[in-house]
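Written below as structure tokens is the structure these notes are about.
2 protein chains.
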Amino acid sequence: MDRRTPALKSGEALLFLTDEQLRQGIEAMFFAYRGFTADPDRILADLAYGRAHHRAIHFINRAPGTTVNNLLNLLGVTKQSLNRVLRTLVADGLVQSTVGRQDKRERHLNLTQAGHELEQTLSDAQRARMRAAYREAGPEAVAGFRTVLEAMMDNEMRASYARLKDIGP
Amino acid sequence: MDRRTPALKSGEALLFLTDEQLRQGIEAMFFAYRGFTADPDRILADLAYGRAHHRAIHFINRAPGTTVNNLLNLLGVTKQSLNRVLRTLVADGLVQSTVGRQDKRERHLNLTQAGHELEQTLSDAQRARMRAAYREAGPEAVAGFRTVLEAMMDNEMRASYARLKDIGP
DNA sequence: ACTTTATGTCAGTGTTGTTGACACTCCAAG
DNA sequence: CTTGGAGTGTCAACAACACTGACATAAAGT
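Protein chains in written order, with our numbering: chain A, 776 to 944; chain B, 776 to 944.
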């Protein structure tokens, strides 16, 4: 059985994507994601924190003052799941949770000084690997990498991604 | 503070990688991986299986007759963790475990007919998304995507990845 | 015979996801 | 103004899946 599939992209040559090519892409994603998380995971293991804490810290740093609900949608977990993580981060003095001024139902989340320091440590580790990979691959490859990843996201996530991108550094 | 870092790649122009660019890459990986696993996860949820079962089935399909130890290294988990998953898959008649002929300590793992059917269902879902992303991004982007992912892996994983790639379809 | 290797199992623990139940706040309809 | 619904956050219990440690068995290697 011939399992090739033709695809026409405007202005592009015909694309033949065999199951084999796609499978290799799938396995590349799997192995690369392991590497992607390996360095922060090592740091977090010593601190009795996990990947969930890292993600929370990352996005609170990205969108300071964000609400719990906002963070929930970004991370794609239930509020109960996020709450456990936030509770420990607040208890450990890494995150500050302040009641909303207009709407007192909301809690606005910010990193404390200690929180910023951990964020920096984790980001540095993750960026180091990303930087090495980017340099090794070269600029054209990086552009393609980003293009494919964006195309792979769900619409909601792509929207979140774009929104964060626009916030700027 | 200027946090740009110059990098020279042979034959390439100087690469300036800001923390902002790297951060975007990190977030792209995060959101894309969510999309990457979303479709199989939905299917598995109805079957009382999880991502761990999917990974086991995927690699048993890729390397039929592989041993437990082999699979362990590929997946990067402990034998206790894998064993729990394999036990249910064998009990449910999706995986067959046969004692090795030369080395009777080893167990060779193969998918049963039912196992192949589930593998096909899961792969089809995951490939559909990958195929759509590949088509949308175009061939040059795909090449870059693969290059960056390979550069992001740990050495061990890159070796596993290459070994699987050589097995062919 | 002794050691190492491959595998399986039991028990215990931690992180991270889930649902269910509940409290507090806001807002709008009566 | 009160009341009810919607939004937001918290607590409790449970499930999935990873981990370590300890131990048993069988077979291969020395």
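A virtual CB, placed ideally from N, CA and C, is assigned to each residue, including glycine.
None of the values given here were measured: they were computed from a predicted structure.
Spatial distance of H851/B from A831/B (CA atoms): One-based indexing of the second sequence puts residue 851/B at position 76. One-based indexing of the second sequence puts residue 831/B at position 56. Note that residue 851/B is Gly in the sequence shown here, rather than His. The alpha-carbon atoms of G851/B and A831/B are separated by roughly 11 Å.
In three-state terms, what does DSSP make of R882/B? By 1-based counting over the second sequence, the position of residue 882/B is 107. Strand at R882/B.
Beta carbon proximity, H891/A to chain B, threshold 9 Å: Sequence index remark: in the first sequence, residue 891/A carries index 116 (1-based). No, H891/A does not count as interfacial toward chain B.
Distance, Cα to Cα, M927/A vs F920/B? In the first sequence, the residue the question calls residue 927/A occupies position 152. In the second sequence, the residue the question calls residue 920/B occupies position 145. M927/A and F920/B: Cα-Cα distance of roughly 11 Å.
My parser needs the beta strand (DSSP E) runs of 3 or more residues fully inside the region 857-901 of chain A; what are they? 870-874, 882-886
Which residue from E802/A, R906/A, R809/A puts its Cα closest to that of R826/A? Translated into the one-based positions of the first sequence, residue 826/A becomes position 51. Measuring from the Cα of R826/A, the nearest candidate turns out to be R809/A.
Closest to A813/B by C-alpha separation, out of G890/B, N930/B, A903/B, would be which residue? For the purposes of this step, residue 813/B is identified with residue 38 of the second sequence, where counting begins at 1. Comparing Cα-Cα distances from A813/B to each of G890/B, N930/B, A903/B, the minimum goes to A903/B.
Determine the direct distance from the alpha carbon of L924/A to that of E854/A, and round the result to whole angstroms. The residue you call residue 854/A lines up with position 79 of the first sequence. The residue you call residue 924/A lines up with position 149 of the first sequence. It should be pointed out that residue 854/A corresponds to Lys in this sequence rather than to Glu. Each residue's Cα considered, the two are about 27 Å apart.
What residues are listed by DSSP as bridge partners for T841/A? Position 66 of the first sequence, counted from the first residue, corresponds to residue 841/A. T841/A is bridged to L884/A.
Under 7 Å from the C-beta of A803/A: neighbouring residues of chain B: Position 28 of the first sequence, counted from the first residue, corresponds to residue 803/A. In chain order: R921, L924, E925, Y936.
Between H833/A and chain B, is any beta-carbon pair separated by less than 9 Å? If you number the first sequence from 1, residue 833/A lands on position 58. It does; some Cβ of chain B falls within 9 Å.
According to the Cβ coordinates, are T922/A and A912/B closer than 9 Å? Here residue 922/A refers to the residue found at position 147 when the first sequence is read from its first residue. Here residue 912/B refers to the residue found at position 137 when the second sequence is read from its first residue. In this structure, A912/B lies closer than 9 Å to T922/A by Cβ.
For D816/B, which three-state DSSP category applies? Start at 1 with the first residue of the second sequence, and residue 816/B comes out as number 41. Helix at D816/B.
What residues of chain A sit near K854/B, judged by a beta carbon separation below 9 Å? Position 79 of the second sequence, counting from 1, holds the residue named residue 854/B. Simply none; closest approach about 18 Å.
Could you check whether the Cβ of R902/A sits closer than 9 Å to any Cβ belonging to chain B? Along the first sequence, one-based indexing puts residue 902/A at 127. True, the Cβ-Cβ gap to chain B drops below 9 Å.
Is the shortest distance between the beta-carbon of A823/A and the beta-carbons of chain B less than 9 Å? In the first sequence, residue 823/A corresponds to position 48, counting from 1. For A823/A, the answer is no, since every Cβ of chain B falls outside 9 Å of its Cβ.
Please state if the CB of I942/B and the CB of A803/B are separated by a distance shorter than 9 Å. Here the question's residue 803/B lines up with position 28 in the second sequence. Here the question's residue 942/B lines up with position 167 in the second sequence. Taking 9 Å as the Cβ cut-off, A803/B and I942/B do not qualify as a contacting pair.
Could you check what DSSP says for E787/B in three-state terms: helix, strand or coil? Against the second sequence, residue 787/B aligns to sequence position 12. Note that E787/B scores a pLDDT of 48, beneath 50, so its modelled location is shaky and nothing firm can be said.
From this set, K940/A, Q901/A, L797/A, which residue's C-alpha is nearest H829/A's C-alpha? One-based indexing of the first sequence puts residue 829/A at position 54. Selected option, being the one with the closest Cα: Q901/A.
Taking F834/A as the reference, give the member of E931/A, D929/A, H891/A, A823/A with the closest Cα. On the first sequence, residue 834/A is found 59 positions in, with the first residue counted as 1. The candidate whose alpha carbon is nearest that of F834/A is H891/A.
Going along chain A in order, which residues have a C-beta closer than 7 Å to the C-beta of L939/B? Against the second sequence, residue 939/B aligns to sequence position 164. Those within 7 Å of L939/B in chain A are E802.
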